[in-house]
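Below is one structure, written out as structure tokens; the observations come after it.
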Amino acid sequence: MKINKEQILDSNKAGLENHAASFDFLANKLTAQGKDVNAIVSKLSEFQVAIPSWALGAGGTRFGRFSFYGEPTNLEQKIEDVGILHSLTQTAGAVSLHIPWDIPSDYAAIKEKADALNIKFDAVNSNTFQDQKDAAETYKYGSLSNTSKAVREQAIQHNLDVIKIGDKLGSKALTVWLADGSSFPGQNNFQTAFQNTQDSLIDIYKGLPDDWKMLVEYKPYEPNFYSTVIQDWGASLMLANGCGDKAYTLVDLGHHLPNSNIEQIVSILQLKGKLGGFHFNDSKYGDDDLTVGSIKPYALFLIFNELVYGMENNPQNPDLAWMIDASHNIKDPLEDLIQSLEAIQEAYAKAMLIDQDVLRAAQLDNDVVKCQEILQEAYRTDVRPLLEKARLNVGGVISPINAYRALDVRGQLIKERGRNTVATGL
Ligand SMILES: [Mn+2]
Numbered sequence: 344m345k346i347n348k349e350q351i352l353d354s355n356k357a358g359l360e361n362h363a364a365s366f367d368f369l370a371n372k373l374t375a376q377g378k379d380v381n382a383i384v385s386k387l388s389e390f391q392v393a394i395p396s397w398a399l400g401a402g403g404t405r406f407g408r409f410s411f412y413g414e415p416t417n418l419e420q421k422i423e424d425v426g427i428l429h430s431l432t433q434t435a436g437a438v439s440l441h442i443p444w445d446i447p448s449d450y451a452a453i454k455e456k457a458d459a460l461n462i463k464f465d466a467v468n469s470n471t472f473q474d475q476k477d478a479a480e481t482y483k484y485g486s487l488s489n490t491s492k493a494v495r496e497q498a499i500q501h502n503l504d505v506i507k508i509g510d511k512l513g514s515k516a517l518t519v520w521l522a523d524g525s526s527f528p529g530q531n532n533f534q535t536a537f538q539n540t541q542d543s544l545i546d547i548y549k550g551l552p553d554d555w556k557m558l559v560e561y562k563p564y565e566p567n568f569y570s571t572v573i574q575d576w577g578a579s580l581m582l583a584n585g586c587g588d589k590a591y592t593l594v595d596l597g598h599h600l601p602n603s604n605i606e607q608i609v610s611i612l613q614l615k616g617k618l619g620g621f622h623f624n625d626s627k628y629g630d631d632d633l634t635v636g637s638i639k640p641y642a643l644f645l646i647f648n649e650l651v652y653g654m655e656n657n658p659q660n661p662d663l664a665w666m667i668d669a670s671h672n673i674k675d676p677l678e679d680l681i682q683s684l685e686a687i688q689e690a691y692a693k694a695m696l697i698d699q700d701v702l703r704a705a706q707l708d709n710d711v712v713k714c715q716e717i718l719q720e721a722y723r724t725d726v727r728p729l730l731e732k733a734r735l736n737v738g739g740v741i742s743p744i745n746a747y748r749a750l751d752v753r754g755q756l757i758k759e760r761g762r763n764t765v766a767t768g769l
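Remember, my numbering sits 343 above the position in the sequence shown when you count from 1.
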């Protein structure tokens, strides 16, 4: 299924008048406060977030998986789904593939399909947390950290193969997330596991093309419950530094222990020029992978405040690879992604409302109350008319979720693909 321009124009008709009224009201107010509304709107239009291929089907838990109807069953259909998201929101212009779940059979055809939908290939993700069919070695006791050289070599080779696949599609980054760790005290020697991981990453790094980045993701626990080899940003940063200039830390919102100050982590990593990528999701207890902004929207806003500051003040930090890393059991996956994209744009827009000079002056005055007022004034502003304008300006819809339902996208997908389809790779 492909959404055409006529459908977009049609779905916008009814809401245009309301949109214009609410946009004008907000734009006048913000302009009177000295804000450059057009600049904010065009930054919102430019902001693109990658959709991971695994978020297009309903996720599962360790207790089971309830698939959603009309799920994409192959890579072509996954790219079609991202195309649907992008044509409605105009903010999902990239896809992030997971290898071996998404190995193209025909590279030229896949590239052509993505080009036609204006979709780029973002970071490719390797997988050494599952055994693959007919693999010689098992990752049951770890991959890049394993005490067995043969296992480490197999995992290194897999990552090198993933780089080759990504290179053919135009990707420019490899994301490494390891499930490596231990579930019981004494099971692993921490130092051996860390050193093996560093050495393995250096071998992968040597195979990285000059214009590529390596993104090292961390996570405190799960699937291992006693220790994880790359458990926090400090471990990730040490490993990235041990590899070289093209290696960076990747922050996933859900990969922190409760109440971690994630905004401070992203801020300091940007100062050091070492924040390479960011995975959005939300959580209540652990790595819950819930819809972005559904639980802690204020925390997301505070993180964006630091990201915006970094993007403006830290030229030493490269452009970030943005991706949604959410996946769960009960929503229509495309509706979930639309909600996530909206929450990301909302937090970004609110963060851009903060006058950094005024905040800086209040900080220098130690006017703690004013500092809080500045942040919360921005947070309390309903910025949704700015998001609507940003979408309209580049051919998207006023309300992606309403348009998605009015066009009965899921119904069409079920008609095309059948009811009981199951997304590959989950
Ligand atoms: Mn992630």
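Ideal Cβ placement from N, Cα and C applies to all residues, glycine included. Just so you know, these numbers come straight off a predicted model, no measurement behind them.
Distances taken from the Cβ of W444 to the heavy atoms of ligand 1 include none shorter than 7 Å.
Its Cα nearest to that of L440, the residue I422 stands out among T434, K372 and I422. Judged by their CB atoms, R762 and G413 are nearer to each other than the 8 Å cut-off. CA-CA distance, W397 to S670, rounds to 7 Å. Under the DSSP definition of a beta bridge, Y591 partners with L558. Annotation: the continuous alpha helix (DSSP H) that includes H501 extends over K492 to L512. Any heavy atom of ligand 1 within less than 5 Å of a residue's beta carbon puts that residue on the list, which reads D595, H622 and D668.
Between H501 and T471, the C-beta gap is smaller than 8 Å, which places the two residues in contact. Taking all protein chains shown into account, V740 has 16 or more neighbouring C-beta atoms within 10 Å of its C-beta and is therefore buried. Rounded to whole angstroms, the Cβ separation of Y591 and G619 is 3 Å, and the two are in contact under 8 Å. Cβ contact annotation for T481 (same chain, cutoff 7 Å, sequence separation greater than five): D474, in chain order. Put simply, of A721, P661, K511 and H622 the residue whose alpha carbon is nearest the alpha carbon of S448 is K511.
Taken through DSSP and simplified to helix, strand or coil, H671 comes out as coil. Assignment of R405 by DSSP, reduced to helix, strand and coil, places it in the coil class. The Cβ-Cβ distance between S683 and I667 falls below 8 Å. Nearest to V651 by alpha-carbon distance, out of L387, L352 and S488, is L387.
The C-alpha of L735 lies about 18 Å from the C-alpha of L750. Minimum Cα-Cα distance from Y561 among the listed residues Y569, D542, D595 and K589 corresponds to D595. For the pair Y564 and S525, the CB atoms are not nearer than the 8 Å cut-off. Here E606 has L645, I646 and E649 as same chain residues with Cβ atoms under 6 Å from its own Cβ, once five neighbours each way along the sequence are excluded. In this structure, DSSP gives P563 a state outside helix and strand, which the three-state scheme calls coil. For the pair S610 and G577, the CB atoms are not nearer than the 8 Å cut-off. In this structure, the CA atom of V701 is about 48 Å from the CA atom of D445. By DSSP's assignment, L517 forms a beta bridge with V467 and M557.
One thing to note: I462 has its Cβ no nearer than 8 Å to the Cβ of L680.
For F621 and H598, the gap between their C-alpha atoms comes out near 11 Å. Annotation for G739: no alpha helix (DSSP H) segment contains it, and DSSP assigns it neither H nor E.
Here F368 is exposed. Its C-beta has fewer than 16 other C-beta atoms within 10 Å.
Taking a cut-off of 8 Å for Cβ pairs, the segment 529 to 544 and the segment 482 to 489 touch, as three or more such pairs fall below it.
N604 and L643 have their C-alpha atoms roughly 11 Å apart. Excluding five sequence positions before and after Q755, the CB atoms of its chain that fall closer than 6 Å to its own CB belong to M344, given in chain order. Straight-line measurement puts the Cα of S543 at about 43 Å from the Cα of L718. Around the CB of Q706, fewer than 16 other CB atoms lie within 10 Å, so the residue is classed as exposed. The closest CA to that of V572, considering only W520, G738, A733 and P658, is found on W520. By the beta-carbon neighbour count (other beta carbons within 10 angstroms, threshold 16), P658 is exposed.
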